[in-house]
Amino acid sequence: MSDSPHSSRFEELLPAYALSALDAAELREMEEHLAGCEECHRQLRLWNLDLESLAASVEPVAPSETTRARILRLAGGGTAPAVPPRRLPGWALFAAAALLAVAVWGVAGQLRLQGVLERLTAERDRLASQVESLNRDVAQARDEARRTGQALQVVADREVRTVTLAGLEAAPRASGHTYVSPRSRGALFYAHDLPALPSGKTYELWYIAGGKAVAAGTFSVDPQGMGNVKVENVPDVASIQAWAVTIEPAGGVPQPTGAMVLKG
Amino acid sequence: MDAREEEDLQLMSRVATRDGVAFTRLFELHAPITLGLLSRILARRMEAEEVLQEVFLQIWTQADRYDASRSTPRGWILMLARSRALDRLRRRDASRRREEVVGGEQAAAVPPVGTARIESAERQTQVASALKGLSPDQRRCIELAFFEGLTHTQIAERLEAPLGTVKSRILLGMNKLRQTLSAPLR
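Shown next, in the form of structure tokens:
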């Protein structure tokens, strides 16, 4: 409760209090008095009505559609009257155009990237195929080098024995040579001018030792009629009585069954 | 209590219960004059619209704090707006504001539609008449206090007038306004 009784002094301060024009000391004094003075409250309400009239005397200004929409959205939007459609301002059209350009650029960029990716994928596949082919070539070259090395090992043996095979009736122009290395117990056979065989047939090399024919390997010939066989674990050279080539079913047989084409 | 104030009171009660329809109606009734007051105080249209949003956000969230024994709903809304606008004004550099006002960024008044325009025109006429009854010095002191939020001392400094003189001008001017304003405005 205020200790100060209602007086004309407070009534004089009230208009300025309503206007918020009181300085700090008078404001504090007025508020302390107002806390317990009904009459001042009543008069203050009247002053506030006057100020309301003063405030409401200004020229009204219609809020923009944006502000109106934002404010009414506070209350859920759906309950507010619909905002009439209006033309987009220039900046909005510009922004939309810019966004569209960015989107188109983005799609075009994606297509460009997709094209690059497809080209790179094709190039990768081509290179992978090349590498695979090269690997096959390398493996083949290594195999050939290995076989050449073994052949050299055979022919370099100073005790190497050479056996010449002559073409028989079925291939009279054909010839062949067998190089046998006693030291390595290996042998190399080369054939020349043998005719190409029909499908399902193969040439098979034999050596005869102790009166028995021993299978030494099958081979085919190239378009020039050349073919070769490497033989391992050849028995003692002195025990080999002869070398021969026959025409046998594909895959070879344990004992000769077909026509003999070379013998030596 | 006139019919308008009665409707306002009902709307305030409904807004306090988060009635969106009532809020929309309250906005349509009072937003134009509130924005007019904000534009008058702030002299910047965009800033005035920002404060208008703040004011109506406060109304939406704090309508239950409205005390009918202290003011009418319209008075509460306008004084909320005035208080927020003066807070903004005080944060501004005074000299910059004066330059801007002179520079022409003064908010252009956009005529509102419907009954608000008619009521506003009537009020303007009546208050203008009341203000005409004041001396220029009295009117200037009241306007500096109301629209710029200056205290007695600040007004005295601004006008280079004695403090006692400013206090007298405000007191006499407010009493004259009271006498001149007619009952229908209440």
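If you're matching them up, the sequences are chains C and H in order.
So for the first sequence, the numbering used here puts the first residue at 1; every next one is plus one.
So for the second sequence, the numbering used here puts the first residue at 1001; every next one is plus one.
Quick reminder that beta carbons are idealized off the backbone N, C-alpha and C, glycines included.
Take Glu159/C, set aside five residues on each side of it, and the residues of its chain with a beta-carbon closer than 6 Å to its own are Pro182, in chain order.
DSSP places Arg1044/H outside both helix and strand once states are collapsed to three, so it counts as coil. Note that the C-beta distance between Pro256/C and Ala213/C is below 7 Å. Met1012/H sits in a helix when the DSSP states are folded into three classes.
When the five nearest sequence neighbours on each side are left out, the beta carbons in the same chain lying within less than 7 Å of the beta carbon of Thr1034/H are those of Leu1052, Val1055, Ile1077, Leu1078, Ala1081, in order along the chain. Between the C-alpha atoms of Arg1004/H and Glu38/C there is a straight-line separation of about 27 Å. For Tyr207/C, the enclosing beta strand (DSSP E) covers residues 201–209. For Ile1077/H, the closest Cβ of chain C is not nearer than 7 Å. At a C-beta separation below 7 Å, Leu1134/H has no neighbours in chain C, since its nearest C-beta there lies roughly 11 Å away.
Per the Cβ contact rule, the stretch 230–237 of chain C is not in contact with the stretch 164–171 of chain C (fewer than 3 Cβ pairs under 8 Å). Rounded to whole angstroms, Ala196/C and Ser220/C show a C-alpha spacing of 8 Å. If you look at His177/C, you'll find it in the beta strand (DSSP E) that goes 175–181. Distance from the CA of Leu46/C to the CA of Pro1032/H, rounded to the nearest whole angstrom, comes to 24 Å. When DSSP states are grouped into helix, strand and coil, Thr1180/H belongs to the helix group.
In terms of CA proximity to Arg1140/H, Leu1159/H leads the group Ala1128/H, Leu1159/H, Ala1068/H, Leu1089/H. Under the three-state reduction of DSSP, Thr257/C is assigned to coil, being neither helix nor strand. With a beta-carbon spacing of about 5 Å, Leu262/C and Gly176/C fall inside the 8 Å limit used to define contacts. The alpha carbon of Ala216/C has as its nearest neighbour, out of Trp206/C, Gly210/C, Gln224/C, Gly225/C, the alpha carbon of Trp206/C. Close CB contacts of Glu248/C within its chain, under the 8 Å cut and outside five residues either way in sequence, are with Lys201, Thr202, Tyr203, Glu204, Thr218, Pro256, Thr257, Gly258 (chain order).
Counting C-beta pairs closer than 8 Å gives fewer than three between the stretch 19–32 of chain C and the stretch 57–67 of chain C, which falls short of the contact rule. For His192/C, the enclosing beta strand (DSSP E) stretches over residues 186–192. In this structure, the CA atom of Ile1155/H is about 24 Å from the CA atom of Thr1180/H. Leu262/C has Gly167/C, Val245/C as its beta-bridge partners, per DSSP.
When the five nearest sequence neighbours on each side are left out, the beta carbons in the same chain lying within less than 7 Å of the beta carbon of Ser184/C are those of Gln153, Val154, Asp157, in order along the chain. Going by C-alpha positions, Ala62/C is about 15 Å away from Ala1043/H. By the beta-carbon neighbour count (other beta carbons within 10 angstroms, threshold 16), Lys1167/H is buried.
Within the same chain, and ignoring the five residues on either side of Leu14/C in sequence, the residues whose Cβ sits closer than 7 Å to its Cβ are Cys40, Gln43, Leu44, Trp47. The residues Arg1139, in chain order, have a CB closer than 7 Å to that of Leu1131/H in the same chain once the five nearest residues on each side in sequence are set aside. Of the other Cβ atoms in all chains shown, 16 or more fall within 10 Å of the Cβ of Asp50/C; this residue is therefore buried. Assignment of Thr162/C by DSSP, reduced to helix, strand and coil, places it in the strand class.
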